[in-house]
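Residue numbers (the working numbering), protein chains in the order written: chain A, -10 to 143; chain B, 2 to 182.
Even for Gly, the Cβ is constructed at its ideal location relative to N, Cα and C.
Here it is as structure tokens:
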């Protein structure tokens, strides 16, 4: 009886076979239309930080976008012909605690993806926290890069 | 609302199993560890899970599996074939049938962490599971567990092939495990 039940179960599984299960992502923008992006140096301001532009964060964001984004070409050269320009502003602030060791850094990042003519293609805002300002800023860059994850269907 | 109505009989199954135990049922805790795999097209999903039954009928089941593509496709955003991990947490209701069989039903969360695509990429789904378990010996059992996905996040398409061909939104997990009482 048991052997027969097992045989029946085995037959059922064989008939059912492997079911399809698909992971997909459509992409935040039309990457066929917007293939080449120029990343501006990242504007920074806030607590204990000189207001200015960070080339380091610009490089970091370019590397992250090169890994996973749907853009075909990512350039840091402002003279290159491009489809869109990514403009990022960071405001970094220290979140003080009674115990200095528990201080955190908060980053408020806003960005605009625009055409060279100024038309807005996409924009957003993200907040991140970390124990150092560098980590917090990089987490914000990660979040922006994730926004432009390449479309996939697996 | 129509979708909920369609799922109603399936939703009532775990409730019926939970309320079904006879009044004379005695407390009986059990724990088990098992190897399991999901039978899905174009991917390999396999791992371990563990369960703990608070009494003869109600327990929790936690699992972790690794996910791989069955082949490296150069145009995919995945570097190689590693896709990520599957974390599962289910509340399960069991009903022994004789000495060698147990029926289980449950629900919970299946989270597909797609680290192979991006560290932040992930999809979640709420399964309704039914399981048939056969005890080969007192402590060794094999099982088949269809999971019907009631809800899933955007971009998780159970029952849909990569080509877009649709079938029922369920997958089957199979496995073997040991049990301690």
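- Secondary structure of residue 47(A) (DSSP, three-state): helix.
- Taking C-beta separations shorter than 7 Å and ignoring five residues to either side along the sequence, the partners of residue 105(A) in its chain run 71, 74, following chain order.
- Legend: CB atoms of the stretch 118 to 137 of chain B lying less than 8 Å from CB atoms of chain A belong to residues 118, 119, 120, 121, 122, 124, 133, 135.
- Among the residues of chain B, those whose CB is under 8 Å from the CB of residue 131(A) are 120, 121, following chain order.
- Minimum Cα-Cα distance from residue 142(A) among the listed residues 181(B), 143(B), 44(B), 61(B) corresponds to 44(B).
- When only Cα atoms are considered, residue 96(A) and residue 102(A) end up about 19 Å apart.
- Per DSSP, the continuous alpha helix (DSSP H) segment holding residue 124(A) begins and ends at 122 to 136.
- Looking at the DSSP output, residue 146(B) sits in a beta bridge with 174(B).
- DSSP, read as helix, strand or coil, puts residue 167(B) in strand.
- Flagged as an interface residue toward chain B: residue 11(A), by a C-beta distance shorter than 8 Å.
- The distance from the Cβ of residue 125(A) to that of residue 100(A) is about 16 Å, inconsistent with a contact at the 8 Å cut-off.
- Within chain B, the residues whose beta carbon sits less than 8 Å from that of residue 8(A) are 40, 41, 42, 159, 160, 168, 169, 171, 172, 173, listed in sequence order.
- Per the DSSP secondary-structure output, residue 110(B) pairs in a beta bridge with 90(B).
- Between residue 175(B) and residue 40(B), the CB-CB gap stays under 8 Å.
- With respect to the 8 Å criterion, residue 76(A) and residue 25(A) are not classified as neighbours on the basis of their beta carbons.
- About 6 Å separates the beta carbons of residue 94(B) and residue 58(B), which is inside the 8 Å limit, making them a contact pair.
- Straight-line measurement puts the Cα of residue 73(B) at about 22 Å from the Cα of residue 16(A).
- A distance below 6 Å between beta-carbons, with the five flanking residues on each side excluded, links residue 13(A) to the following residues of its chain, in chain order: 142.
- Of the candidates 104(B), 89(B), 139(B), 89(B) places its Cα closest to the Cα of residue 61(B).
- Residue 82(B) does not reach chain A, its nearest Cβ partner there being about 11 Å away, counting only Cβ pairs nearer than 7 Å.
- The three-state reading of DSSP puts residue 180(B) in strand, counting E and B together.
- Residue pairing by DSSP places residue 56(A) opposite no residue, since no beta bridge is assigned to it.
- DSSP places residue 60(B) in the strand class (E or B) of the three-state scheme.
- Its Cα nearest to that of residue 31(A), the residue 42(A) stands out among 116(A), 42(A), 9(A).
- By the 16-neighbour rule on beta-carbons within 10 angstroms, residue 85(A) is exposed.
- Residue 140(A) sits close to residue 20(A), with the two beta carbons spaced by under 8 Å.
- Judged by beta-carbon spacing, residue 132(B) lies within the 8 Å limit of residue 104(B), meaning their Cβ atoms are closer than that value.
- For residue 101(A), the enclosing beta strand (DSSP E) has its first and last residue at 93 to 103.
- Residue environment analysis places residue 33(A) among the buried positions, since at least 16 neighbouring C-beta atoms fall within 10 angstroms of its C-beta.
- Here the alpha carbons of residue 50(B) and residue 111(B) stand approximately 13 Å from one another.
- Contact annotation: in the stretch 40 to 52 of chain A, no residue has its CB less than 9 Å from a CB in chain B.
- Under a criterion of Cβ atoms nearer than 7 Å, the residues of chain A adjacent to residue 78(B) are, in order, 57, 139, 141.
- For residue 42(B), there is no enclosing beta strand (DSSP E), since its DSSP letter is neither H nor E.
- When secondary structure is reduced to three states using DSSP, residue 29(A) falls in the coil class, being assigned neither helix nor strand.
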